[in-house]
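According to our numbering, the stretch in the sequence shown is residues 1123 to 1456, in order. Input: a single structure, listed below in structure tokens.
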Amino acid sequence: MNVAEKKQFGRVGVLMGGLGPERDISMKTGEAIHDALAARGHDVVRIVVDRDIDRTLRQTPIDVAFLALHGPFGEDGCIQGLLEMRGIPYTGSDVLASALAMDKIKSKELFRLYNVPTPPYYSVESHALDRLEELHGSFGFPVFVKPRRSGSSVGAGKAGDMAELRARVEDAARFDRSVLVERFVGGKEIRVAVLDGRALGAIEIVPKGEFYDYKSKYTKGRSDYHYPARLAPTRYKGVLNLAERAHRALGCTGATGVDLLVTEGENEYVLEVNTIPGMTPTSLLPKIAAGAGYGFEDLCEAILSRAAIGVHGAVDDTAADGGIARRAVQQAAE
Ligand SMILES: Nc1ncnc2c1ncn2[C@@H]1O[C@H](COP(=O)(O)OP(=O)(O)O)[C@@H](O)[C@H]1O
Ligand SMILES: [Mg+2]
């Protein structure tokens, strides 16, 4: 990227921290992105996100937001909505795609609509815990339980019988009033990085614990990684294609990380799409991107270069008539 191109971005704010349980990871992701962009000569500033983010954005003007947030308020469309209202372009998916990807049930409904295979499931509302046995019916065991909107495997776990299921669901319900019970899938754990609708590659994760839990994700040495994933070439291609379809089904843009399980047999299942993948130097997206020829700084610049404002486009603040809303009403009346 030359100097003229850099100027066009103006001041880049790296939004980090946030209100969710993944705040610490977000701070690490944000630092790494900040340093990479600074090293490439961008005018870059750290913006630590808390409840006062609207005031912070007024006090520290930025031209574009690089989102390094994870989980609730950062990855689910909330901050995207605030940035839309302030007319600040941001990296990654728009409000709708972010909200859909964060919601594992809505994601699965769309996957099914677009023929993207995903494990069978049912959901339990926290007010219906006393009907769990009835809801489970003949679903069978083992199952995998997780909160509807959460990340980093927080509140997730396997259950082999009714007693375990009840304990797991009660635990997951501490994080969300809605809980997902999925058929347990035994197989290889795969993460595909997608940039702008195109899969960059697939990495295989071998967690040392029972599954890819919080510890395996963030403690050095708790998981082994194989890049590229150890799959036969045609299957590898199929997995990349599936990840691209999952990314498209939710209408994602920018960089995403698609989580899949690939069985010994012929089945591949998409678990979820992460719209703001971790970007610490040890995270999966940078590992995959490196395999596709992008260094960490290249990757950050590639994501930045695609920053955009969502569906509404730029709002004309100077319009005394209230801008887009007024125009939309006028068009509807014509
Ligand atoms: N249906 C399932 N069968 C087996 N393991 C699962 C299943 N769903 C999730 N897991 C395990 O839990 C981890 C986290 O699940 P995921 O759906 O990716 O949620 P998140 O990463 O947002 O917490 C997965 O990486 C996998 O190790
Ligand atoms: Mg995941």
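For glycine and all other residues, C-beta sits at the position ideal for the given N, C-alpha and C.
So S1495 and G1376 are in contact, right, with Cβ under 8 Å, and what is the actual spacing, rounded?
-> Look at the range of the chain in this structure, 1123 to 1456, and you will see that residue 1495 is not part of it.
Stretch-stretch touch, CB-based, cutoff 8 Å, three pairs: the stretch 1155 to 1166 with the stretch 1234 to 1252 = no
7 Å CB neighbourhood of G1259 in its chain, flanking five on each side removed = Here the question's residue 1259 lines up with position 137 in the sequence shown. Nothing meets the Cβ criterion.
Do C1422 and A1219 have their C-beta atoms within less than 7 Å of each other?
-> What you label residue 1422 is simply residue 300 of the sequence shown in a count that begins at 1. What you label residue 1219 is simply residue 97 of the sequence shown in a count that begins at 1. No. Outside cutoff.
Beta carbon of A1223 nearer than 7 Å to that of L1372 | In the sequence shown, counting from the first residue as 1, residue 1223 sits at position 101. In the sequence shown, counting from the first residue as 1, residue 1372 sits at position 250. In contact: A1223 and L1372 (Cβ atoms closer than 7 Å).
Looking at the structure shown, is M1138 part of a helix, part of a strand, or coil, going by DSSP?
-> Numbered from 1 along the sequence shown, position 16 holds the residue referred to as residue 1138. Looking at M1138 - three-state DSSP - the assignment turns out to be strand.
With 16 other Cβ atoms within 10 Å as the buried cut-off, status of S1274 = The residue labelled residue 1274 in the question sits at position 152 within the sequence shown. S1274 should be labelled buried.
Between the CA atoms of R1296 and R1449 - distance to the nearest angstrom = Locating residue 1449 in the sequence shown gives position 327, counting from the first residue. Locating residue 1296 in the sequence shown gives position 174, counting from the first residue. Low per-residue confidence applies at R1449: pLDDT is 43, beneath 50, and the placement is therefore not dependable enough to give any value.
Apart from the five residues on each side of it in sequence, which residues of its chain come closer than 8 Å, Cβ to Cβ, to K1409?
-> Residue numbering aside, residue 1409 sits at position 287 when the sequence shown is read from its first letter. The answer, listed in chain order, is I1325, Y1347 and Y1349.
Examine ligand 2 and report whether any of its heavy atoms sits within less than 6 Å of the Cβ of D1381.
-> Taking the first residue of the sequence shown as 1, we reach residue 1381 at position 259. Because some heavy atom of ligand 2 lies under 6 Å away, the Cβ of D1381 counts as near it: yes.
Touch check for the stretch 1162 to 1176 and the stretch 1139 to 1148: three-plus C-beta pairs under 8 Å?
-> yes
Where does S1274 fall in DSSP's three states?
-> Walking along the sequence shown from the start, residue 1274 turns up at place 152. It is coil, neither helix nor strand.
Inter-residue Cα distance where the pair is A1154 and I1147 = One-based indexing of the sequence shown puts residue 1154 at position 32. One-based indexing of the sequence shown puts residue 1147 at position 25. Within the model, the alpha-carbon separation for A1154 versus I1147 is close to 11 Å.
Within the stretch 1346 to 1414, note down every full beta strand (DSSP E) run reaching 3 residues or more, in order along the chain.
-> 1377 to 1384 and 1390 to 1396
In three-state terms, what does DSSP make of A1190?
-> Residue numbering aside, residue 1190 sits at position 68 when the sequence shown is read from its first letter. Reduced to three states, the DSSP call for A1190 is coil.
In chain order, what residues of the same chain lie with their CB nearer than 6 Å to the CB of A1321, ignoring the 5 residues before and after it?
-> Stepping through the sequence shown from its first residue, residue 1321 is reached at position 199. The answer, listed in chain order, is V1314, L1362, A1365 and E1366.
Chain-order list of residues whose beta-carbon lies under 7 Å from that of E1247 (same chain, five-residue window excluded) | As a position in the sequence shown, residue 1247 is number 125, starting the count at 1. Here the set comprises R1299 and S1300.
Excluding sequence positions up to five away, which residues of its chain have a Cβ less than 8 Å from the Cβ of Y1334?
-> Stepping through the sequence shown from its first residue, residue 1334 is reached at position 212. In its chain, beyond the 5 residues on either side, S1275, E1311, I1327 and S1345 have a beta carbon closer than 8 Å to the beta carbon of Y1334.
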